[in-house]
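Asks: Below is one structure. I have some questions about it.
Numbering (the working numbering), first residue to last: 200 to 278.
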C-alpha cells in the first residue's frame with residue numbers, strides 16, 4: 200500500500216510541476232521498477248534464514264543419497 204501511495208503522490212507532484220503526461224508515465228514506470236527491485240531484495244533478506252536452512256537440508260540429503268549410490272555401485276563390495 201505504501202508503494203502505491205508513493206507512486207500516486209509522485210505522479211501528482213509531477214503533474215503540478217508541469218511535467219508532460221509522457222514524462223510522468225516514464226517517471227512512474229521507472230519509480231515502479233526501482234521499488235519492485237528494492238521490494239524483492241528486502242523480501243530475500245527477510246527470508247534469508249529460511250532460504251539458508253532449506254539449502255543446508257537439501258545439501259545434507261543429497262550428500263547422503265550420493266554416498267548410498269556410490270556404495271551400491273562399488274565393485275569392491277563382496278556378496
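For glycine and all other residues, C-beta sits at the position ideal for the given N, C-alpha and C. Source: prediction; values computed, not measured.
Would you mind reading off the limits of the alpha helix (DSSP H) that contains residue 208?
Replies: 201-215
Asks: What's the call for residue 207, buried or exposed, on a 16-neighbour Cβ count within 10 Å?
Replies: Only exposed fits residue 207, as fewer than 16 other CB atoms lie within 10 angstroms of its CB.
Asks: I'd like to know if the stretch 209-217 and the stretch 225-235 are in contact, where contact means that at least 3 CB-CB pairs between them fall below 8 Å.
Replies: Touching, yes, given that three or more Cβ pairs across the two stretches are closer than 8 Å.
Asks: At the level of alpha carbons, what is the spacing between residue 261 and residue 245?
Replies: 26 Å
Asks: Assuming residue 226 contacts residue 213 (C-beta within less than 8 Å), just tell me the rounded distance between them.
Replies: 6 Å
Asks: Alpha carbon to alpha carbon, how far is residue 205 from residue 218?
Replies: 17 Å
Asks: What would DSSP say about residue 218, mapped onto helix, strand or coil?
Replies: coil
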